[in-house]
Amino acid sequence: MSTFETYNVQRLSVQPFGQTSTGQQAKLFILTNKQGMRVAITDFGAAIVSIFTPDKTGRLTDIVLGYDNVSDYQQDTYYLGAVVGRYAGRIDQGKISIDNHQYQLTLNTPDSQLHGGHQAFNKVLWHVEQNLQENDSQLTLTHISPDGDNGFPGEVRVSVTYLLTDDNELVVKYHATTNKTTLLNLTQHSYFNLAGHDSGQVHHHQIKINACHYLPMDKRAFPTGEIKAVKNTAHDFLQLTPLAKHIDSDDEQIQIGRGFDNYWLVDDNVLNGETYAAQAVEPISGRVLTMYSDQPSLILYTANYIDGSHYGKNNVKYQKRGALCLEPQRANNRQNGHQLSNTLLEPNEPFNSTIRYCFSVQA
């Protein structure tokens, strides 16, 4: 991680981002490093709005899907760029048990709670720390989720810090505490298209995932409880592999997800340090995204449910499979009594997690 010095560049700038439906003023915070890379973040949902990175010729292009104003983020159903919480993933029937106490969570799908429920972390205005310095490419946002929020027990105080280094790394750090045992599973839900957010489908992107095993899903998109080897399956990304090789295959898991949408169990991950998790390469531009994380699993999701009816930044119509998500998190399968990783948050055990996105170009 770089140690910052003062360069002839404005490290942090702030712009208005429109008003919410309740009259709150949202803002857009732009981080810039000495190489000209830029990352824009809104305080609504603590969402990443844009990431401008260079291609092999040095040309900067925005490589994540997003919107031009807060109103569009309020209407968004895809979690574009958002912090997902309290709980990333699906909870069957919204039913959880903690310390022998049963809780009924709110449902935002017919048979489950998805990504924390209604008005979850992606639909609130986060507080921005006031000690902002223009010579720092760093931003910290905080949110207090009250006891009973979407049915979850305990008050949760959460912060996310975005740090843009001069080595073209975007580091995302989460911290959370609670006053009562609860569940917590946070992730970052940026949609990447390394050719540019307006460049159509990502089938030609090459993917590598540091995982020898994945979790099959049932037809309701819940893990079955099985752990399967990726070898000789459509889910084998141990070497760089174009998404196009299997994304339209007749593999049952591909058919269930309409593309890729599974957990991979990251190898050599002990939760106490960052581990190489995945890589994406766009061969025409030469852009490379390498992701490190301290989480034991990740989801590769290929924007299978974006239907081509929504417009994003610069009035671009986003299409099915027009991006990919790499979502580090804790795979938690409570189906049939299986539990693959602990998502309990205890009052005396703060949650800390780091995702590191390293942007480069092929030699």
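Mapped onto UniProt numbering, the consecutive letters of the sequence shown carry residue numbers 1 to 363.
Note that CB positions come from ideal geometry on N, CA and C, so glycine has one too.
query: Own chain partners of GLY273 with C-beta closer than 8 Å, once the 5 adjacent residues on each side are dropped; result: ASP294
query: Enclosing alpha helix (DSSP H) for ASP62 [first to last residue]; result: It is not in any alpha helix (DSSP H) - ASP62 instead sits in the beta strand (DSSP E) that spans 60-62.
query: For LEU123, the three-state DSSP class (helix, strand or coil); result: According to the sequence provided, residue 123 is Lys. The question's Leu does not apply to it. Here LYS123 sits in helix by DSSP.
query: Identity of the residue in TYR276, ASN179, HIS118, THR343 nearest LEU238 by Cα; result: TYR276
query: Three-state secondary structure assigned by DSSP to VAL299; result: It is worth fixing the name first, because residue 299 is Ile in this sequence and not Val. Correct three-state label for ILE299: strand.
query: Distance CB(HIS189)-CB(ALA280) smaller than 9 Å; result: no
query: Counted within 10 angstroms of its Cβ, other Cβ atoms place ILE247 as buried (16 or more) or exposed; result: buried
query: Counted within 10 angstroms of its Cβ, other Cβ atoms place HIS197 as buried (16 or more) or exposed; result: buried
query: Under the three-state DSSP convention, the category ASN262 falls into; result: strand
query: Stretch pair the segment 211-231 + the segment 246-261: three plus CB contacts closer than 8 Å; result: yes
query: Collapsed DSSP secondary structure at ASP149 in the structure displayed; result: helix
query: Any 3 or more C-beta pairs closer than 8 Å across the segment 195-210 and the segment 165-183; result: no
query: Distance between ALA229 and SER159 (C-alpha atoms, nearest Å); result: 36 Å
query: ASN185 in three-state terms, based on DSSP; result: strand
query: Beta-carbon contacts of PRO350 that lie in its chain and below 7 Å, excluding the five residues immediately before and after; result: HIS175, ALA176, THR177
query: Selected residue, minimal CA-CA separation from TYR78, among ILE41, ASP55, LYS123; result: LYS123
query: Contact between the segment 44-54 and the segment 94-107 (3+ Cβ pairs under 8 Å); result: no
query: Buried or exposed by the 16-neighbour rule on C-beta atoms within 10 Å, applied to residue 422; result: Past the edges of the chain, shown from 1 to 363, lies residue 422, and the structure says nothing about it.
query: Secondary structure of ALA278, DSSP reduced to three states; result: strand
query: Rounded straight-line distance, which links the Cα of PHE192 to that of PHE359; result: 12 Å
query: Integer-rounded CB distance, given that ILE299 should sit under 8 Å from HIS318; result: First, the amino acid is wrong: residue 318 is Tyr here, not His. With 8 Å as the limit, TYR318 and ILE299 do not qualify as a contact, their Cβ atoms being about 19 Å apart.
query: Residue from ASN352, ALA234, ILE51, THR181 with nearest C-alpha to THR187; result: ASN352
query: PRO16 classed as buried or exposed, judged by whether at least 16 other C-beta atoms fall within 10 angstroms; result: exposed
query: Neighbourhood of HIS338 by C-beta distance below 7 Å, restricted to the same chain and skipping five residues each side; result: Because HIS338 carries a pLDDT of 45, less than 50, the predicted location of this residue cannot be relied on, and no value is offered for it.
query: Segment limits, beta strand (DSSP E) that includes ASP72; result: No beta strand (DSSP E) holds ASP72; the alpha helix (DSSP H) holding it covers 70-75.
query: Identity of the residue in LEU125, ALA120, GLY94, GLN104 nearest PRO110 by Cα; result: GLY94
query: Inter-residue CB distance, ILE91 and LEU105 (contact presumed, cutoff 8 Å); result: 6 Å
query: Separation of ASP251 from residue 365, as counted between CA atoms; result: No statement about residue 365 is possible, as the shown extent of the chain runs from 1 to 363 and does not include it.
query: Beta-ladder partner(s) of GLU155, from DSSP; result: Answer by DSSP bridge pairing: none, since GLU155 is not bridged.
query: Range of the contiguous alpha helix (DSSP H) that encloses GLU327; result: No alpha helix (DSSP H) holds GLU327; the beta strand (DSSP E) holding it covers 325-329.
query: GLY154 to GLY148 span [Cα, whole Å]; result: 7 Å
query: Beta bridge counterpart(s) of ASN168 as assigned by DSSP; result: Per DSSP, none; premise fails for ASN168.
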